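Quick note, the sequence shown lines up with residues -21 to -1, 1 to 599 if you use mature numbering (1 follows the signal peptide of the UniProt record, and there is no 0).
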Amino acid sequence: MGKRITVFIAMILAAVSLANAQEIVVKGVVRDQQNQSLPGASVLVKGTQSGTVTDVDGNYSITVPNEQAVLVVSFIGYETQEVTVGSQTKIDVTLGADLKTLNEVVVIGYGTQKRGDVTTSIASVDTKDIEERPILQAAQALQGKAAGVQVTQPSGKPGSALSIRVRGATSVQAGNEPLYVVDGVPTMDTRDLNVNDIESIQVLKDASSAAIYGARASNGVVIVTTKRGKANQSQVNFSAYYGFSNIAKKIDVLNPQQYADLMNEMGHNITVGSETTDWNKEVFTTGHNQNYQLSFSGGNDKNRYFVSGAITKDQGIIKPASYRRYSFRMNLDNQIKNWFKLTTNVSYSNARIRDVKDNNNAGRNAVVLGALGAPPTMGVYSQDSVRGTIFSTNPLKAGWDNPLAAMFGPDQSARDNRIFGNVAGDFTLAKGLVFRSNFGIDFMNHANDYYLDPYRTTEGWGANGSTHGLGNATRSNSFTYLWENTLNYEKKWEKHEFSALAGTTVQKNNWNNSYIAGRDFPSDGVVKTMNAANEITEAYTEQSEWFLNSYLGRLMYNFDSKYLITANFRADGSSKLAKGNQWGFFPSVSAGWRISAEPFMEDVKFITDLEAAWRLGTKR
């Protein structure tokens, strides 16, 4: 019997060793054809969600399952390469410029332009880059995919906003977030946008490209274009994703005996009893996220449609924290007359966040810091002669609850309902002359409720039961409307291309908010709404509105896609500023010379595209 067990264990160890031996760590450098490193290039294992991005020197390191694995290396503006690993552990990759992208059409402010004719600094992400990655927010699509764009996550809570910095922070006191424009409608938040609905994302990075959006473009502009139906191409798409998340590394802390010895050396009387707690284990768990999306698209030459619905769920690594979103979108294109086209974009989202408190301090309001600082020599719960079973308190910090009290003592949730969209009409007045009228809305209804257990938490109980539960409720509504009217003229003759744009925009926002707080709730804890509070401690309402009126214009000219010039202008008048200082002016100009298109460059084969550009503009 003993020999059989020994042989069985040996077989298991051999299998584990074989599995580990099959994994290969591959390292290398990604460069362009001029031997310059490419930071931020994407390196993926084909057919999996495993991947990485190159560092500032173009270096990467990735673990692949076996020698048959294929690396997919890509970078914006370069041709994607696939490399089979084989027996190699060091794979350097040289990417060549993607000449096809020069003829691609990119979205710029209030129009489009061939990528090869763009003289400003614009980064692009398309639907292929998005579909290859397991992302839940639109901002995540820019991570590692857009040079000069930094995407970070200030909080790990599900549903929390990502922070985007275009070419770094520009202000100490004012905000540093870029302006988002979704299907022509400006907004400051894209968390409610279903990532599977996105066709492309363009980032206007410099002043010469962003000046057309005026004062709000001081931190750059992120232009999001959603998917549309294609004529005579009916499609039904369903996608599903399920993933797990864990804390990368738990911080080592003292065990109960080590903690007691240290505290006793400091003069405290701490003993190790029958109840001890591993707070890391109690606080952290395995999170999971999932996304399900169904879409229908198609149409004919006259009418096209794109309809989608999605469910997104994200359960955090701290047990109560969660995020759930339902979203719906309908995009329509109707060619009503030869001279009149109607475009409709409408989206609705319903989101709910179950929140936990951030690390305001290391005491009763902390979760993560509390898991590191709470004594391991105490249990999760204790008994009180009046209150019964309560969350145990820190014996060294009077009145400080353990981290589970901050997790499960409060019941805090937020709910958002949002309607976002626009209707635009294009009127062809003459050959090359189009008048466009665009009306958009952004309506948000927000509700936040907070309730703190009247018995089990020290803060909820108060001094000698004086508080007996805390609660508050916030309700707010925000309604923004946009009306834009533009006139665009385009003319092509021989090797010349010319376009002119002029327009006006009007945007207005109305916001109202109400807040009420109270204490002394029923003992059973069943009714948690504010009407159950016996004492109202605070209540107020507030409202505000702002108005933005703008004039804009643009001139573009190029000769043979070789000599290019673009000039933009925008004037913004804001009700937020004092009279006499309400207007700001934002001009810009850029010029380009495609040197690689000159006859004297024909014999220079190692250069595929070379352009000299000059830009000048203001966006603040």
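By construction, the Cβ of each residue, glycine as well, lies at the ideal position given by its N, Cα and C atoms.
Every value quoted in this text rests on a predicted model; they were computed, and no experiment measured them.
Excluding the 5 residues preceding and the 5 following residue i in the sequence, name in chain order all residues of the same chain whose CB lies nearer than 6 angstroms to its CB.
{"i": "N324", "result": "D162, N310, G400, N401"}
{"i": "S179", "result": "D105, T204"}
{"i": "T459", "result": "D421, N488"}
{"i": "V182", "result": "A102, A125, V128, V201"}
{"i": "R195", "result": "L158"}
{"i": "D380", "result": "R343, F370, T372, T436, T437"}
{"i": "L589", "result": "I574, S575"}
{"i": "D108", "result": "K124"}
{"i": "K292", "result": "Q269, R303"}
{"i": "D71", "result": "G7, V8"}
{"i": "R331", "result": "R303, R394"}
{"i": "P566", "result": "F548"}
{"i": "Q272", "result": "N175, S218, A289"}
{"i": "G571", "result": "T98, L543, E590, A592"}
{"i": "residue 603", "result": "Residue 603 is absent from the structure shown; the chain starts at -21 and stops at 599."}
{"i": "G563", "result": "A194, D551"}
{"i": "residue 604", "result": "Since the first residue shown for the chain is -21 and the last is 599, residue 604 is missing from the structure and cannot be characterised."}
Report back the beta-carbon spacing between residue i and residue j to the nearest angstrom; my notes put them in contact at under 8 angstroms.
{"i": "S276", "j": "R308", "result": "With a Cβ gap of about 11 angstroms, S276 and R308 do not count as contacting."}
{"i": "L74", "j": "V22", "result": "L74 to V22, Cβ: 11 angstroms. No contact."}
{"i": "L412", "j": "Y468", "result": "5 angstroms"}
{"i": "R415", "j": "T465", "result": "5 angstroms"}
{"i": "A385", "j": "K336", "result": "5 angstroms"}
{"i": "A350", "j": "V262", "result": "4 angstroms"}
{"i": "K25", "j": "E58", "result": "No, K25 and E58 are not in contact; Cβ-Cβ is about 16 angstroms, not under 8 angstroms."}
{"i": "G37", "j": "S53", "result": "At roughly 14 angstroms, the Cβ-Cβ gap does not stay under 8 angstroms, so G37 and S53 are not in contact."}
{"i": "P165", "j": "L461", "result": "7 angstroms"}
{"i": "N234", "j": "P382", "result": "About 18 angstroms separates the two Cβ atoms, so there is no contact after all."}
Should residue i be labelled buried (16 or more other beta-carbon atoms within 10 Å of its own) or exposed?
{"i": "K124", "result": "buried"}
{"i": "K136", "result": "buried"}
{"i": "Q237", "result": "exposed"}
{"i": "V145", "result": "buried"}
{"i": "L595", "result": "exposed"}
{"i": "W593", "result": "exposed"}
{"i": "A512", "result": "buried"}
{"i": "S40", "result": "exposed"}
{"i": "N225", "result": "exposed"}
{"i": "E463", "result": "buried"}
{"i": "N216", "result": "exposed"}
{"i": "D280", "result": "exposed"}
Tell me the residue span of the alpha helix (DSSP H) that contains residue i.
{"i": "I230", "result": "Counting along the chain, I230 falls outside any alpha helix (DSSP H), and DSSP gives it neither H nor E."}
{"i": "L348", "result": "347 to 352"}
{"i": "W440", "result": "437 to 440"}
Opposite residue i in the DSSP bridges: which residues?
{"i": "D428", "result": "S392, A452"}
{"i": "A550", "result": "Y530, F564"}
{"i": "Y192", "result": "None; Y192 has no bridge partner."}
{"i": "G90", "result": "I87"}
{"i": "S328", "result": "S306, R397"}
{"i": "D176", "result": "None, per the DSSP bridge assignment."}
{"i": "F414", "result": "F406, L466"}
{"i": "L50", "result": "V24, V62"}
{"i": "E145", "result": "Inspection of the sequence shows that residue 145 is occupied by Val rather than by Glu. Answer is V128."}
{"i": "W572", "result": "Y542, A591"}
{"i": "N537", "result": "E476, L543"}
{"i": "N38", "result": "V8"}
{"i": "I420", "result": "G400, Y460"}
{"i": "V97", "result": "None, per the DSSP bridge assignment."}
Would the C-beta of residue i count as close to the ligand SAH, meaning under 7 angstroms from any of its heavy atoms?
{"i": "L172", "result": "Ligands in the displayed structure: none, and consequently the ligand SAH is not present."}
Could you give the residue range of the beta strand (DSSP E) that holds residue i?
{"i": "A186", "result": "Here A186 belongs to no beta strand (DSSP E); instead the alpha helix (DSSP H) covers 186 to 189."}
{"i": "A591", "result": "590 to 596"}
{"i": "I315", "result": "301 to 316"}
{"i": "D257", "result": "No beta strand (DSSP E) contains D257, which DSSP labels as neither H nor E."}
{"i": "T106", "result": "Careful: T106 lies outside any beta strand (DSSP E), inside the alpha helix (DSSP H) at 106 to 110."}
{"i": "P165", "result": "164 to 166"}
{"i": "F387", "result": "Unbroken run through F387 is the alpha helix (DSSP H), 382 to 387; no beta strand (DSSP E)."}
{"i": "V72", "result": "72 to 74"}
{"i": "A479", "result": "475 to 498"}
{"i": "V285", "result": "It is worth fixing the name first, because residue 285 is Phe in this sequence and not Val. Per DSSP, F285 belongs to the beta strand (DSSP E) from 282 to 294."}
{"i": "G135", "result": "Per DSSP, G135 belongs to no beta strand (DSSP E) and is neither H nor E."}
{"i": "S371", "result": "Premise fails: S371 is in no beta strand (DSSP E) and is neither H nor E."}
Please work out which residues of its chain come closer than 8 angstroms, Cβ to Cβ, to residue i, disregarding the five sequence neighbours upstream and downstream, and give them in chain order.
{"i": "A(-1)", "result": "Bear in mind that a pLDDT of 48 at A(-1), under 50, signals an unreliable position, so the model cannot answer this."}
{"i": "K507", "result": "D390, D428, Y430, G450, F500"}
Spatial neighbours of residue i within its chain, please: C-beta separation below 7 angstroms, excluding the five flanking residues on both sides.
{"i": "D34", "result": "P18"}
{"i": "A118", "result": "V130, L141, I143, T169"}
{"i": "A189", "result": "L183, A196, G199, V200, K598"}
{"i": "D363", "result": "I369"}
{"i": "N173", "result": "Q272, S287, A289, S306, R308"}
Just checking: is the beta-carbon of residue i within a distance shorter than 8 angstroms of some beta-carbon in chain C?
{"i": "L383", "result": "Considering every chain present, this structure includes no chain C. It has just one protein chain."}
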